[in-house]
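Inspection log for the structure reproduced underneath, given as structure tokens.
In this note's numbering, the protein residues as written are 7 to 334.
Laid out in structure tokens, this is it:
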């Protein structure tokens, strides 16, 4: 499989992106084309031993900053690392693109360069998150701050295809994130969307899901507008991070706590690993005619490696074919 990796995307690029590519090549046997300034990418690659036939560099001299218009940047900066990576997928020279760059620029590149799947109104970001009873997906995580009720139905259908194709779940449950479980709760968007979701025969809609029940993992697909989804994602990450920090401080504050900490340390490590975003790799841009994986902006080498693994999983399971067939 051929991966196009935006070598300059992310807070710690190209150091971590390049290292992640090396790890992925060794573990998954993929071929990676890293886009970015050739001398910078090569300087990082020179630090590792790897199969040189499986990694090459596509020189790209421009960079897209966070403070410029994503659409204009994608259109004008055709020699940027992200645009070059997107072009490889569009031209059939790569099977997936992975980037930890600007969410807006990745969305713009997915829509303007890779292109939207016929019949899809809005592309959306969806990511798997660990829950108490299993993984769940939230859609949308920030691609669309404002949506229409029918867009939430579309998100539910895209999430259903994802779970059927990649998780071998023939009837995943769909929930609508809302402030209450009752049908009449919520704002105009959620109340209108509830009625449409209830009537949609291609999904297994179970009703509203309150925020406190999201992380149970009992409902596989949770739909919402991108503003709400982004708040859910960042709140979830923050709670896990701060909770572990508070537990560590409490245990280290007394001698008894330190002794107890030694006993529970293996369990806490397992918990942290289960709830670490780096293990999932990233969010997938659903609805575009190619595999586009958005890695976390603070991704390290392990996160990049897992984002590449995620792209490979989509390719191996023929996700796009399932997607197009089931969204007709």
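Even for Gly, the Cβ is constructed at its ideal location relative to N, Cα and C.
Assigned exposure category for residue i - 16 Cβ within 10 Å defines buried
i, result
"residue 361", "Nothing can be reported for residue 361: it is not among the residues displayed for the chain, which extend from 7 to 334."
"residue 160", "buried"
"residue 86", "buried"
"residue 316", "buried"
"residue 157", "buried"
"residue 194", "exposed"
"residue 93", "buried"
"residue 12", "buried"
"residue 73", "exposed"
"residue 256", "exposed"
Sheet register partners of residue i (DSSP bridge)
i, result
"residue 41", "12 and 64"
"residue 236", "According to DSSP, which records beta bridges pairwise, residue 236 is partnered with nothing at all."
"residue 122", "294"
"residue 145", "132 and 229"
"residue 182", "214 and 229"
"residue 103", "10 and 298"
"residue 35", "According to DSSP, residue 35 bridges with nothing at all."
"residue 288", "301"
"residue 86", "68"
Closest by C-alpha distance to residue i, when choosing among the options
i, options, result
"residue 8", "21, 31, 14 and 151", "31"
"residue 3", "13, 107 and 182", "No statement about residue 3 is possible, as the shown extent of the chain runs from 7 to 334 and does not include it."
"residue 91", "221, 15, 136 and 127", "15"
"residue 129", "293, 327 and 310", "293"
"residue 335", "196, 270, 324 and 243", "This structure gives no information on residue 335, because the portion of the chain shown stretches from 7 to 334."
"residue 78", "268, 115 and 127", "115"
"residue 218", "137, 169, 258 and 149", "137"
"residue 75", "111, 333 and 321", "111"
"residue 6", "72, 49, 102 and 81", "Residue 6 lies beyond the residue range present for the chain, which begins at 7 and ends at 334; the question has no answer from this structure."
"residue 180", "271, 229 and 174", "229"
"residue 173", "52, 18, 141 and 202", "141"
Whether residue i touches residue j by CB criterion (8 Å)
i, j, result
"residue 287", "residue 313", "yes"
"residue 105", "residue 131", "no"
"residue 318", "residue 34", "yes"
"residue 300", "residue 109", "yes"
"residue 83", "residue 63", "no"
"residue 120", "residue 154", "no"
"residue 178", "residue 227", "yes"
"residue 26", "residue 311", "yes"
"residue 113", "residue 326", "no"
"residue 100", "residue 171", "no"
"residue 28", "residue 54", "yes"
"residue 223", "residue 139", "yes"
"residue 235", "residue 145", "yes"
"residue 333", "residue 126", "yes"
Min CB distance residue i to chain D below 8 Å
i, result
"residue 147", "In the structure shown, chain D cannot be found, because there is only a single protein chain."
Supposed close pair residue i, residue j - CB separation, criterion 8 Å
i, j, result
"residue 151", "residue 211", "Actually they are not in contact, since the Cβ atoms of residue 151 and residue 211 sit about 23 Å apart, beyond 8 Å."
"residue 61", "residue 20", "In fact, because the Cβ distance is near 13 Å, the residues do not count as touching under 8 Å."
"residue 165", "residue 135", "No, residue 165 and residue 135 are not in contact; Cβ-Cβ is about 12 Å, not under 8 Å."
"residue 187", "residue 206", "Rounded, the Cβ-Cβ distance is 19 Å, inconsistent with contact."
"residue 98", "residue 66", "Going by Cβ atoms, the distance from residue 98 to residue 66 rounds to 19 Å, so no, they are not a contact pair."
The ligand GTP heavy atom lying under 7 Å from the CB of residue i
i, result
"residue 94", "The model depicted lacks the ligand GTP and carries no ligand whatsoever."
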